[in-house]
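For reference, the structure discussed in these notes is given below.
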Amino acid sequence: MADNVRELRKSPEASEQRESTTVVVVGAGPAGLTVANLLRRSGIDCVVLERRSREYVAQRQRAGIVETRAVRMFDSWGLADRVLGGVPYDGILEFRVDGERHLVTDDDGSEGPSARLCPQQVLVQKLTAAYLADGGDLRFEAADVSLHDLAGDRPTVRYRTADGTLRAISCAFVAGCDGDHGISRAAVPDGVLTAHAFDHGIGWLTVLADAPPPAHPLLAVSPQGFAAHFPRGPHTSRYYLQCPPDDQPDAWSDSRVWDALRARLGDPALTPGPITDREIFRLRSLVHDPMQYGRLFLVGDAAHIVSPMGGKGMNLALYDADLLARAVRDFVSDHDETGLRTYSQRCLRRVWNDQEFSHWLTRTLHDAGDDTHTGPFHRSLARARLDRLFTSPAAARGFAELMTGPDLAE
Ligand code: APR
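Residue numbers (my numbering): 1376 to 1785.
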């Protein structure tokens, strides 16, 4: 155990071991690990509790782009070289409409390092290694985590270790970084949070394959529906195919997947490869407001889900993490509560900005292809938006700014 946690005493009333720290972080995904690393760099004690094993967390595959703004955030903490793997992204995105190529850049003219193609599991592995190398306290396989006294000055977080020992950690703050199905948000009393939810009525089949990656991340519009092809490594690709949200992955044989990709990407010569993973999920958006209750601060997916179009989910989690770490640091070092008081409001401003971008891109790329979904009127509107993006420098610049993550004026 790290020296930052003082072992207090065995509680007489229950056979639980009691300890104390400044921040308990629940969940070791991108959000929790970023909060923990930034707190550690600020010299603030914290304990991370993760339900799963280290191996499980390190392999979980999800998003693949760390946007420019997030790269610069890690850079400002002196962490970019240690936690960002993958390859620098040249900022070029390909839109392929009925087989016709259009390259769009996310270069918004700003100085500094740019986005990286870094699969989420690589970021998670590197964040874990950096935190542990800095002496961080990270406890995997923490079962039955529960939050108590969140409205008071010293919340308590209880959990059970892998060998069955009950532990209670008293802390100043809890960072709820345990995703959409975690316990943190569920610990907030009814009526405190408002949930704003939206279901696009669209499914995506996602396929991981040992097949050559594309030259640029590729988004394709076709009469058969949306498709996408993203690099995931030197010899690995992730593909997406629009499908009914209630479809089953078994309905998509290998040959059906490759035929659909060839047709929708307009590439009869697309090289196939062994499929290693295949799942179907619904495109949905969800925002909880506020992102705070007492001394609990919700971070990342625990507070909001963004439809995957535009790669904003993980990046929003990194933004929240940065704001929370700075707010706790200001409070601990200068008794300045401003950051904590404004945390939710500042995060939500960014969340809604990115929700709007994801929503716009989701609607545009789905409506522009499949007119059975929303009808020919919306199809023509979506095509007009794409036409503007491909021909108007001002529209292209606005898009680039949204891709990199604009600095919203305070
Ligand atoms: N106790 C402890 N840990 C928990 C609990 C619990 N009760 N419930 C969930 N967790 C852990 C999960 O095992 C996971 O490791 O919390 C972590 C949450 O991680 P993510 O779901 O990856 O969420 P987050 O860190 O907010 O990451 C941002 O945005 O769009 C997405 O793909 C993107 O997953 C990324 C996310």
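Backbone N, C-alpha and C fix where the C-beta goes; we use that ideal spot for every residue, glycine too. From a predicted model like this one, the values you see are computed outputs, not experimental measurements.
Contact check for PHE1573 and ARG1659: beta-carbon distance about 7 Å, within the 8 Å limit, so the pair qualifies. Here THR1409 is buried. Its C-beta has 16 or more other C-beta atoms within 10 Å.
Bounds of the beta strand (DSSP E) holding PRO1606 are 1602–1608. At a threshold of 7 Å, ILE1558 counts as near the ligand APR, since its beta carbon sits closer than that to one of the ligand's heavy atoms. If the five residues before and after ALA1635 are omitted, its C-beta is found closer than 6 Å to the C-beta atoms of LEU1616, all from its own chain and listed in chain order.
For ALA1584, no alpha helix (DSSP H) encloses it; the enclosing beta strand (DSSP E) starts and ends at 1569–1584.
One thing to note: THR1737 has its Cβ within 8 Å of the Cβ of SER1682. One thing to note: LEU1764 has its Cβ within 8 Å of the Cβ of PHE1774. In this structure, the ligand APR has no non-hydrogen atom nearer than 7 Å to the beta-carbon of GLY1439. Assigned with DSSP and collapsed to three states, PRO1463 falls in strand. Per DSSP, reduced to three states, the secondary structure at HIS1741 is helical.
Sequence-distant partners of HIS1604 (beyond 5 residues in either direction) whose C-beta falls short of 7 Å from its own C-beta, in its chain, are PRO1589, LEU1593, SER1612, TYR1614, LEU1640.
Taking non-hydrogen atoms of the ligand APR into account, the C-beta of PRO1405 is found less than 7 Å away from one of them. Taking non-hydrogen atoms of the ligand APR into account, the C-beta of ASP1629 is found less than 7 Å away from none of them. For TYR1614, the beta-bridge partners assigned by DSSP are VAL1582, HIS1604. Judged by beta-carbon spacing, PRO1598 lies within the 8 Å limit of GLY1744, meaning their Cβ atoms are closer than that value. Between the region 1424–1442 and the region 1684–1697 there are three or more inter-stretch CB-CB distances shorter than 8 Å, so the stretches are counted as touching. Across the set GLN1720, ASP1729, ASP1782, the C-alpha of ASP1729 shows the shortest separation from the C-alpha of ILE1680. Closest in alpha carbon position to MET1666, among ASP1555, GLN1496, LEU1424, is ASP1555. Nearest in C-alpha terms to TYR1464, of all of CYS1722, ASP1538, GLY1608, is GLY1608.
When secondary structure is reduced to three states using DSSP, VAL1674 falls in the coil class, being assigned neither helix nor strand.
Comparing alpha-carbon positions, the option among GLU1731, VAL1462, ALA1543, GLY1557 lying closest to VAL1497 turns out to be VAL1462.
Counting C-beta atoms within 10 angstroms of its own C-beta, GLU1442 has 16 or more neighbours from the protein chains shown and is therefore classed as buried.
Note that the C-beta distance between VAL1499 and PRO1405 is below 8 Å. If you look at GLU1654, you'll find it in the beta strand (DSSP E) that goes 1650–1664. Residue pairing from DSSP places TYR1534 in a beta bridge opposite ARG1542. A distance below 8 Å separates the beta carbons of ALA1411 and VAL1423. Note on geometry: alpha-carbon atoms of ARG1670 and ALA1692 lie some 19 Å from one another. Cβ-Cβ separation between VAL1432 and VAL1549: approximately 19 Å, too far for a contact (criterion under 8 Å).
Taking 8 Å as the upper bound for CB-CB distance, ARG1535 and ALA1518 are in contact here, some 4 Å apart. Residue pairing from DSSP places GLN1667 in a beta bridge opposite PHE1672. Residue side-chain check: GLN1495 places its Cβ nearer than 7 Å to a non-hydrogen atom of the ligand APR. Under DSSP, GLY1551 shares a beta bridge with VAL1401, LEU1673. Excluding the 5 residues flanking it on each side, ASP1482 has same chain C-beta neighbours closer than 7 Å at GLY1466, ALA1775, in chain order.
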